[in-house]
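Below: one structure, written as structure tokens.
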Amino acid sequence: MLKAVAACAVLCSNSSTSAIRKMSSFSPAFPKFISVEGADIHSRTKPDGFRFSLVSYNILAQAYVKSSLFPHSPSPSLKWKLRSDTILAVLKNLGADFFCLQEVDEFDSFYKGNMQDLGYSSIYMKRSGQKRDGCGLFYKHNRAELVLEEKIEYNDLVKSVPDGNSSNNDEHTNIQTVQPDKQKDVPPKNGSKSNSKDRGDPNDPCVRLKRDCVGIMAAFKLKDRSHHIVIVANTHLYWDPEWADVKLAQAKYLLSRLAKFKTLISDRYECIPEVILAGDFNSMPGDMVLAFLKSQLPYFLFLTKL
Numbered sequence: 000m001l002k003a004v005a006a007c008a009v010l011c012s013n014s015s016t017s018a019i020r021k022m023s024s025f026s027p028a029f030p031k032f033i034s035v036e037g038a039d040i041h042s043r044t045k046p047d048g049f050r051f052s053l054v055s056y057n058i059l060a061q062a063y064v065k066s067s068l069f070p071h072s073p074s075p076s077l078k079w080k081l082r083s084d085t086i087l088a089v090l091k092n093l094g095a096d097f098f099c100l101q102e103v104d105e106f107d108s109f110y111k112g113n114m115q116d117l118g119y120s121s122i123y124m125k126r127s128g129q130k131r132d133g134c135g136l137f138y139k140h141n142r143a144e145l146v147l148e149e150k151i152e153y154n155d156l157v158k159s160v161p162d163g164n165s166s167n168n169d170e171h172t173n174i175q176t177v178q179p180d181k182q183k184d185v186p187p188k189n190g191s192k193s194n195s196k197d198r199g200d201p202n203d204p205c206v207r208l209k210r211d212c213v214g215i216m217a218a219f220k221l222k223d224r225s226h227h228i229v230i231v232a233n234t235h236l237y238w239d240p241e242w243a244d245v246k247l248a249q250a251k252y253l254l255s256r257l258a259k260f261k262t263l264i265s266d267r268y269e270c271i272p273e274v275i276l277a278g279d280f281n282s283m284p285g286d287m288v289l290a291f292l293k294s295q296l297p298y299f300l301f302l303t304k305l
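Be aware that the sequence shown starts at 0, since it is given in numbering that gives the first Met the number 0, and climbs by one per residue.
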């Protein structure tokens, strides 16, 4: 998971005063990609197939930037002006056909217009309640045409709770798996999330599932000779490691929605769309959320009509 503080964070140390003076002309340190598990899998693309690039990036909402959490970074590098210039330079340098961004909190005032100037159209889903950030999906309009979009509101999981004053319809069947244990007080991640007291009664499944997390699913027709339709999903699951059951419930709901969306696209356009699931799953290798997604994603998508 990429995190975008300001790239000039590397300038700390004893010469911070002189470094700060030079920040206005500082060149961003662009991310370098490393090999990951499964990177040796060969593409099944045929000579007459299709290619595109996609980057998933937790951009780090400015609302969550606290100097106490980034002591290695000179204070000016955490200011929005410098961060925004750096982030835009990094995105421009990456130049992906699709960007799946999480923790986007300056969409209307910054990302939408600046990314449009770089040739991108966008879809944005703001988190519920008082949250200031959300998920953004950006795509080059000369490389892909938006066919259909759907947005995911994980607070809808509350409808799956028995006697939760809402319906328990098929869309939520077998999603609700929350069995709260005694909760510990853990430090908020990024200084952005509320403590356990602010989050309400952890023994109430309705409270537990209402985490204001969101996602986006969109189908695109590639603007190349293949005219292939692909589905791109972008999401940000709940952060707290002590609430892994909530993340698992969200992951199950995500796959159920994604499978239905794929069926809709398959039936409407008589195609077999490829599916790419991107996002910040707030999970480490070996966590049950990632294990579930890796094992069940093919199964969920196989259930859709081909």
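The beta carbon of each residue, even a glycine, is placed where N, CA and C say it ideally should be.
Residues THR176, MET287, VAL288 and PHE291 of the same chain have their beta carbon placed closer than 7 Å to that of LEU247, with the five preceding and five following residues left out of the count. Three or more pairs of CB atoms, one per stretch, sit closer than 8 Å, so the stretch 205 to 220 contacts the stretch 126 to 135. With a cut-off of 8 Å on Cβ pairs, the stretch 99 to 106 is in contact with the stretch 54 to 62, counting three or more such pairs. Between ASN92 and PHE29, the C-beta gap is smaller than 8 Å, which places the two residues in contact. A straight line joining the alpha-carbon of LEU208 with that of ARG224 spans about 44 Å. Bounds of the beta strand (DSSP E) holding LEU147 are 143 to 152. Taking every protein chain shown into account, the CB of MET283 has fewer than 16 other CB atoms within 10 angstroms, so this residue is exposed. For MET114, the uninterrupted alpha helix (DSSP H) segment begins and ends at 111 to 116.
Around the beta carbon of GLU105, 16 or more other beta carbons lie within 10 angstroms, which makes this residue buried. If you compare the alpha carbons of ARG142, LYS65 and VAL206 with that of SER159, the shortest gap goes to VAL206. Distance from LEU53 to ILE275 at the Cβ level is roughly 6 Å; contact confirmed, criterion being Cβ atoms closer than 8 Å.
Spatial neighbours of ASP211 in its own chain (CB-CB distance under 6 Å, excluding positions within 5 residues in sequence) are listed in chain order as ARG126, SER127, GLY128 and LYS130. The closest CA to that of LYS111, considering only GLY94, ASP203, VAL89 and TYR138, is found on TYR138. Per DSSP, reduced to three states, the secondary structure at MET124 is strand. For ASN233, the uninterrupted beta strand (DSSP E) run begins and ends at 228 to 235, by DSSP.
A Cβ-Cβ contact shorter than 8 Å links TYR153 with GLN249. Judged by DSSP in its simplified three-state form, CYS99 adopts strand. LEU254 counts as buried, since at least 16 other C-beta atoms from the protein chains shown sit within 10 angstroms of its C-beta.
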